[in-house]
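What follows is a set of notes on a single structure, which appears directly below.
Residue numbers (my numbering): 7 to 226.
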């Protein structure tokens, strides 16, 4: 039996708004070298994107993350100027457990400044592939903890449930009696919605994976 799939984060950086045109986005780097970009306002890429970091970029980032002594970091680095944009970091250990959060609107310690620069460069310079349009990031018609999954003949629904058991993936029902098309749900508290969507789309044997949508009534 295969080990269950484990999707572990390495670091998340979130850039907040200001009164001007500051870029509002977040970038998540997973421990398998995949990065997710959520672009919201005043950025070139709006929506949700992913990329696979090249080995040099990922290795350099991991080395810098390992150098950080989290015990010496403050939780907040703030000055009392309300218009300054905030930057928030979440750091994770090798098991994917969050070990430190830091928020700042001012100059950071040198090691954090280096992490910030590298993540900002990744957000601007990598070849990104879109997986969600901006208007669908907060679409009330989308059910983000439900996914429509189409499997090919090499991968069974039993395989899928077993492989993603860490995230409590379960079948709601089969959507077609003639196709391997299923509606599944998962524990949204144990994994980010875009991390789950992307991982399933990249899973061998999965043809398509889409967030479920609410059915509209005939009067709408």
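Glycine included, every Cβ here is placed at the ideal spot set by N, Cα and C.
Between the segment 16 to 23 and the segment 87 to 104, do at least 3 Cβ pairs fall closer than 8 Å? Contact holds: three or more Cβ-Cβ distances are below 8 Å.
Let me make sure I understand the geometry here. Which of 14, 216, 26, 50 has the alpha-carbon closest to that of residue 132? Of 14, 216, 26, 50, the smallest CA-CA separation from residue 132 is found for 50.
Suppose contacts are defined by Cβ-Cβ distances below 8 Å. Is residue 230 in contact with residue 219 by that definition? Residue 230 lies beyond the stretch modelled for the chain, which goes from 7 to 226, so this question has no answer here.
If you reduce the DSSP assignment to three classes, tell me which class residue 124 lands in. The answer is helix: DSSP assigns residue 124 an H, G or I state.
Grab the span of the beta strand (DSSP E) containing residue 100 for me, first residue to last. Premise fails: residue 100 is in no beta strand (DSSP E) and is neither H nor E.
Could you give the distance in angstroms between the alpha-carbon of residue 92 and the alpha-carbon of residue 117? Rounded to whole angstroms, the separation of the alpha carbons of residue 117 and residue 92 is 17 Å.
Exposed or buried, which one is residue 182 when buried takes at least 16 other CB atoms within 10 Å? Residue environment for residue 182: exposed (fewer than 16 other C-beta atoms within 10 angstroms of its C-beta).
Roughly how many angstroms lie between the CA atoms of residue 154 and residue 174, to the nearest whole one? Put simply, the backbone Cα of residue 154 is about 16 Å away from that of residue 174.
Is the segment 156 to 174 touching the segment 204 to 215 in the sense that three or more CB pairs, one from each, lie closer than 8 Å? Yes, the segment 204 to 215 is in contact with the segment 156 to 174.
Three-state class that DSSP yields for residue 12 in the structure shown: Looking at residue 12 - three-state DSSP - the assignment turns out to be coil, as it is neither helix nor strand.
What are the start and end residues of the alpha helix (DSSP H) that includes residue 62? Counting along the chain, residue 62 sits inside the alpha helix (DSSP H) bounded by residues 61 to 73.
In three-state DSSP terms, what is residue 212? DSSP places residue 212 in strand when its eight states are reduced to three.
To which residues of the same chain is residue 226 closer than 8 Å at the C-beta, ignoring the five residues directly before and after it? Bear in mind that a pLDDT of 45 at residue 226, under 50, signals an unreliable position, so the number given afterwards is only what the model happens to contain. No residues qualify anywhere along the chain.
Suppose contacts are defined by Cβ-Cβ distances below 8 Å. Is residue 179 in contact with residue 189 by that definition? Yes, the pair counts as a contact, with Cβ atoms nearer than the cut-off.
For residue 119, which of helix, strand or coil comes out of DSSP? Taken through DSSP and simplified to helix, strand or coil, residue 119 comes out as helix.
Find out if the Cβ-Cβ distance for the pair residue 111, residue 125 is shorter than 8 Å. Contact: no.
Just verifying my parser: in three-state terms, what is the DSSP assignment at residue 206? The DSSP-derived three-state label of residue 206 is helix.
Alpha carbon to alpha carbon, how far is residue 73 from residue 201? Give it in angstroms, no decimals. Between residue 201 and residue 73, the C-alpha separation is close to 26 Å.
Using a 10 Å radius around the Cβ and a threshold of 16 neighbouring Cβ atoms, would you call residue 66 buried or exposed? Burial call: exposed.
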